[in-house]
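Numbering (full-length UniProt numbering), first residue to last: 1 to 152.
Just so it is clear, CB atoms sit at the ideal spot from N, CA and C, and this is done for glycine as well.
The structure under discussion appears below in the form of structure tokens.
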């Protein structure tokens, strides 16, 4: 597989991962009663939507059709179902949802690390992914802080 093909494959994976995150945060906004968390999650919905558009633009810059990666991943679908189950049976909804958000962010963080480790990554792609990863780092930190605030 050529370097370009490897980069495109990974960008499509990241695009799908961001669709998953955006959808997951939208679902969390519906379920959360706490106005502070609603506001935080709405911010993440907008951020992941922006990440998706950024990645689509980068895929197009590399000469590929970004519309090939529509929908969400099977793993994302499974993760959301588990998140819903855990939310229902948990005694502390906010803490349980924050834990699932943390897990999802960790998977996304790892995917970005893998992408950034690709050899011969185009400079524009590297800059974009480093920016996204920095914001994911910030989201992870914020989620951990919130989780400790809601811990029983």
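Beta-carbon proximity check, residue i vs residue j, cutoff 8 Å
i: residue 140; j: residue 105; result: yes
i: residue 28; j: residue 97; result: yes
i: residue 8; j: residue 64; result: yes
i: residue 40; j: residue 131; result: no
i: residue 133; j: residue 109; result: yes
i: residue 111; j: residue 13; result: yes
Spatial distance of residue i from residue j (CA atoms)
i: residue 31; j: residue 146; result: 16 Å
i: residue 82; j: residue 101; result: Its pLDDT being 46, under 50, residue 82 is placed unreliably in this model, and the value from its coordinates should be taken loosely. Each residue's Cα considered, the two are about 12 Å apart.
i: residue 42; j: residue 25; result: 7 Å
i: residue 38; j: residue 4; result: 39 Å
i: residue 50; j: residue 44; result: 10 Å
i: residue 60; j: residue 36; result: 37 Å
i: residue 222; j: residue 107; result: This structure cannot speak to residue 222, because the chain is shown only from 1 to 152.
i: residue 122; j: residue 144; result: 32 Å
i: residue 66; j: residue 124; result: 16 Å
Cβ separation of residue i and residue j, assumed to be a contact under 8 Å, to the nearest whole Å
i: residue 10; j: residue 118; result: 6 Å
i: residue 57; j: residue 18; result: So it is not a contact: roughly 13 Å between Cβ atoms.
Nearest candidate by alpha-carbon position, reference residue i, set the options
i: residue 126; options: 45, 54 and 149; result: 54
i: residue 148; options: 34, 46, 95 and 13; result: 95
i: residue 137; options: 103, 121, 124 and 122; result: 103
i: residue 47; options: 114, 150, 33 and 23; result: 23
i: residue 151; options: 111, 116, 121 and 93; result: 93
i: residue 115; options: 67, 6 and 33; result: 6
i: residue 2; options: 144, 67 and 62; result: 62
Residue i: CB within 7 Å of a non-hydrogen atom of the ligand GDP
i: residue 14; result: By its list of ligands, the structure shown contains no ligand whatsoever, and the ligand GDP lies outside what it can speak to.
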